Amino acid sequence: MKLLYFAWLRSKLGKAGEELNPPADVATVAQLLDWLETVSPAHKAALADRRAVRVAVNQDYAAPDHPVRPGDEIALFPPVTGG
Amino acid sequence: MKLLYFAWLRSKLGKAGEELNPPADVATVAQLLDWLETVSPAHKAALADRRAVRVAVNQDYAAPDHPVRPGDEIALFPPVTGG
Amino acid sequence: MIRLQREDFDVGAELDRLTAGRTDIGGLASFVGLVRARTEAGALTAMTLEHYPGMTEKRLAEIAAEAARRWPLADTLIVHRYGRLSPGERIVLVATASSHRQAALESCQFLIDWLKTQAPFWKLEETAAGSQWVAARVTDDRAAERWRKP
Amino acid sequence: MIRLQREDFDVGAELDRLTAGRTDIGGLASFVGLVRARTEAGALTAMTLEHYPGMTEKRLAEIAAEAARRWPLADTLIVHRYGRLSPGERIVLVATASSHRQAALESCQFLIDWLKTQAPFWKLEETAAGSQWVAARVTDDRAAERWRKP
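Chains A, B, C and D, in that order, give the protein sequences. In terms of numbering that gives the first Met the number 0, the first sequence has 80 at position 81, counting the first letter as 1, and numbering is strictly consecutive. In terms of numbering that gives the first Met the number 0, the second sequence has 11 at position 12, counting the first letter as 1, and numbering is strictly consecutive. In terms of numbering that gives the first Met the number 0, the third sequence has 51 at position 52, counting the first letter as 1, and numbering is strictly consecutive. In terms of numbering that gives the first Met the number 0, the fourth sequence has 46 at position 47, counting the first letter as 1, and numbering is strictly consecutive.
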C-alpha cells in the first residue's frame with residue numbers, strides 16, 4: 000500500500016510517503032489510521048488530532064468507512080487551503 | 000431649453016437635439032412632454048408611447064414630476080441597452 | 000477609473016495596470032462583454048453603440064463610487080466602447096481589485112449588472128433584414144434589482 | 000482547459016485565446032488570485048504552495064466538468080501555480096466564457112469557490128517569525144456550500 004503525506008503531515012512525519020503493508024484486517028480508512036498510529040511515535044503524534052486529517056484513496060476524497068486495499072494509493076493531508 | 004434625443008427618438012425626430020422655449024407654465028417633465036407633442040406631428044409620433052420614453056434633466060434620470068427650467072439640458076431616450 | 004472610447008482595449012495591459020507594484024490585492028475579478036453574431040434579431044453583421052456623452056461618464060463614475068461604498072475595493076476599472084462594432088469585438092471591460100476575493104467577485108458582478116440598466120447606452124443591431132434598436136431586457140432589470148437596498 | 004505550473008502566466012494572452020476567432024461568446028468572466036503581503040500571520044516574505052500531483056489535475060477537471068454541466072459554457076480555463084511565490088505574484092487564474100454574461104459570471108465564482116475548498120493545495124506562509132501552514136478558513140467552506148445542491 001502506497002502512503003503519501005502532504006503539508007504539515009509530511010513535515011511531522013519527515014517524509015513525503017512510504018510503502019506499508021498493514022495486516023489483512025485493516026479494511027477501511029478509519030482502521031488504517033488506527034493502525035498507522037501504532038507504526039511509530041511520529042505517526043502517533045501526526046495523527047493525534049484526527050479531525051485535522053483528510054484522506055484520499057486513489058486520488059478521491061474518502062470518508063472513514065471507505066474501503067482500503069493492498070494496491071491503493073492513500074494520501075493523508077490537512078484540509079485544503081489553495082486558490 | 001436644450002433638448003437632446005437618442006437612439007430611435009433621434010431617428011424618428013430626424014435630429015440629435017434642438018433649442019426650444021416652452022411657455023412659462025411648463026414646469027415639470029410630464030408637462031414638457033405634453034407640450035412637445037404639440038410642436039410637430041413628428042414629435043407627437045415619437046412620444047406616442049410614453050412608457051418607452053425615459054428622461055434625464057441635466058444628466059440625471061428624472062421622474063415625470065421632476066421640475067424643468069429654462070436653462071436645463073433635457074434628454075429623451077428609450078430604456079438603456081448597454082454593456 | 001472610467002474610460003469611454005471608440006478604440007479596442009488590451010485586456011491584459013488594463014488588468015496588469017491595476018495590480019502592478021501592489022502587494023495588497025488578493026483578488027482581481029473582471030468581465031469582458033463581446034458582440035455575439037447570433038442575437039434574437041438573427042445573424043448580426045454589425046452593432047452600433049450610441050451613448051450620451053457627459054451623462055455616461057457621470058453615471059459610470061456614480062456606479063463605481065457606489066461599488067466602492069459597498070465593498071472594500073483597492074481599485075475599479077470600467078472601459079466602455081461606443082461606435083460601430085463587428086461580431087467578436089470587445090464592448091466593455093469591468094474589473095475590480097480587492098484584498099478579498101468575494102469583494103472583488105461580487106462588486107464586479109454588481110458593476111456590470113448596474114451598467115447594463117443604468118448607463119445611457121443604446122444598441123442598434125444590423126442584420127440582413129436591416130437595422131433595429133434593441134429593446135431593454137427584463138432579465139437585465141432583474142439582475143440589477145438584486146443589488147437594490149431595501 | 001486545466002494547467003498546473005510553477006511559472007507565471009500572461010493573463011491577457013490566456014483570455015485572448017479563449018475568445019480568439021469566436022463570435023458566439025457574449026461574456027468572459029475571470030478571476031486572478033494574488034499573494035498578499037499582509038495576512039493573518041503578519042507580514043509575508045514568501046508563500047509556498049504545495050499540491051498533490053495527479054489528484055490536483057483530476058479534481059480541477061471534475062470541478063470544470065461540473066461547471067459545464069450547470070451553465071452553458073463556451074470554454075473554461077483554470078491555471079494554477081505551485082511552488083514558492085512572493086507577495087504581489089499571481090497564484091491562480093479562473094476564466095469562463097459563455098454566450099450569456101450571467102452564466103460566465105456565476106460559473107467563474109463557482110469555480111473559484113470550489114477550487115478553494117476542493118482542490119488539494121496547501122499554503123505555507125513565511126514571515127519573519129518563521130514558516131507556518133495556513134489553516135482552512137470557515138468562510139471558504141461557506142462560500143463553497145452555497146453551490147451545493149439540496
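Where is the CB? At the ideal position from N, CA and C, for every residue including glycine. Note that the coordinates shown come from a computational prediction; the quantities given were computed from them, not determined experimentally.
Minimum C-alpha distance to Asp23 (chain C) - residue among C:Tyr51, C:Pro71, C:Arg5: For the residues C:Tyr51, C:Pro71, C:Arg5, the minimum Cα distance to Asp23 (chain C) belongs to C:Pro71.
Separation of Thr55 (chain D) from Ile77 (chain C), as counted between CA atoms: 35 angstroms
What residues are listed by DSSP as bridge partners for His50 (chain D)? D:Phe120
Beta carbon proximity, Thr22 (chain D) to chain C, threshold 8 angstroms: yes
Return helix, strand or coil for Arg139 (chain C), following the three-state DSSP convention. According to the sequence shown, residue 139 (chain C) is Asp rather than Arg. In this structure, Asp139 (chain C) counts as helix in the three-state DSSP scheme.
Taking beta-carbon pairs under 7 angstroms, can you tell me which members of the segment 8-34 of chain B lie near chain C? none
The alpha helix (DSSP H) spanning Arg9 (chain A) covers which residue range? Run containing Arg9 (chain A): 6-12, per the alpha helix (DSSP H) assignment.
Do Ala23 (chain B) and Val54 (chain B) have their CB atoms nearer than 8 angstroms? no
Relative to the alpha-carbon of Arg2 (chain D), which residue among D:Thr75, D:Ala28, D:Ala102 has its alpha-carbon at the smallest distance? D:Thr75
Cβ of Thr95 (chain C) within 8 angstroms of Cβ of Leu110 (chain C)? yes
If the criterion is Cβ atoms closer than 8 angstroms, does the pair Phe30 (chain D) and Ala28 (chain C) meet it? Taking 8 angstroms as the cut-off, the Cβ atoms of Phe30 (chain D) and Ala28 (chain C) count as close.
Return yes when the Cβ of Arg80 (chain D) is within less than 8 angstroms of the Cβ of Arg5 (chain D), no when it is not. yes
Residue from C:Lys122, C:His99, C:Arg136, C:Cys107 whose Cα sits closest to the Cα of Glu65 (chain C): Cα-wise, what sits closest to Glu65 (chain C) is C:Cys107.
Between D:Phe120, D:Leu84, D:Arg145, which has its C-alpha nearest Glu105 (chain D)'s C-alpha? D:Arg145
Taking 8 angstroms as the CB-CB cut-off, is Pro78 (chain B) touching chain C? yes
Taking the C-alpha atoms as reference points, what is the distance between Thr47 (chain D) and Gly13 (chain A)? 18 angstroms
Give a yes or no on whether the minimum CB-CB distance between Ala36 (chain D) and chain C is below 8 angstroms. Cβ-Cβ to chain C under 8 angstroms: yes for Ala36 (chain D).
For chain C, is any of its Cβ atoms less than 8 angstroms away from the one on Ser97 (chain D)? no
Any beta carbon of chain D sitting closer than 8 angstroms to that of Ala62 (chain A)? False, the Cβ-Cβ gap to chain D never drops below 8 angstroms.
Per-residue contacts from Glu49 (chain D) into chain A (C-beta, under 7 angstroms): Phe5, Ala6
Which residue or residues does DSSP assign as beta-bridge partners of Pro66 (chain B)? According to the DSSP secondary-structure assignment, Pro66 (chain B) is paired through a beta bridge with B:Thr27.
Under 8 angstroms, do Leu14 (chain C) and Val10 (chain D) count as touching if we go by C-beta distance? yes
Can the beta-carbon of Leu31 (chain A) be found less than 8 angstroms from the beta-carbon of Val79 (chain A)? no
Can you confirm whether Thr18 (chain D), when its beta carbon is compared against all beta carbons of chain C, has any partner nearer than 8 angstroms? yes
With a cut-off of 8 angstroms on the beta carbons, I'd call Glu49 (chain D) and Ala6 (chain A) a contact; round off their distance for me. 6 angstroms
Residue burial classification, Ala63 (chain D) (beta-carbon count within 10 angstroms, cutoff 16): buried
Gly16 (chain A) vs Leu3 (chain A) beta-carbon contact at 8 angstroms: yes
Apply the 10 Å Cβ neighbour rule to Thr116 (chain C) and answer buried if 16 or more other Cβ atoms are within range, or exposed otherwise. Taking every protein chain shown into account, the CB of Thr116 (chain C) has 16 or more other CB atoms within 10 angstroms, so this residue is buried.
So which residues of chain A does Gly129 (chain D) contact, with C-beta pairs closer than 8 angstroms? The contacting residues do not exist; Gly129 (chain D) stays about 12 angstroms from chain A at best.
8 angstroms is my cut-off, CB to CB: does Asp140 (chain D) come that close to chain C? no
Report the option in C:Ala118, C:Ala73, C:Trp132 whose CA atom is closest to the CA atom of Arg58 (chain C). That would be C:Ala118, whose Cα lies nearest to the Cα of Arg58 (chain C).
Starting from Glu72 (chain B), trace the beta strand (DSSP E) both ways and give me its first and last residue. 72-76
Does DSSP put Gly82 (chain B) in a helix, a strand or coil? coil
Under 9 angstroms from the C-beta of Phe30 (chain C): neighbouring residues of chain D: Gly26, Leu27, Ala28, Ser29, Arg100, Ala103, Leu104, Cys107
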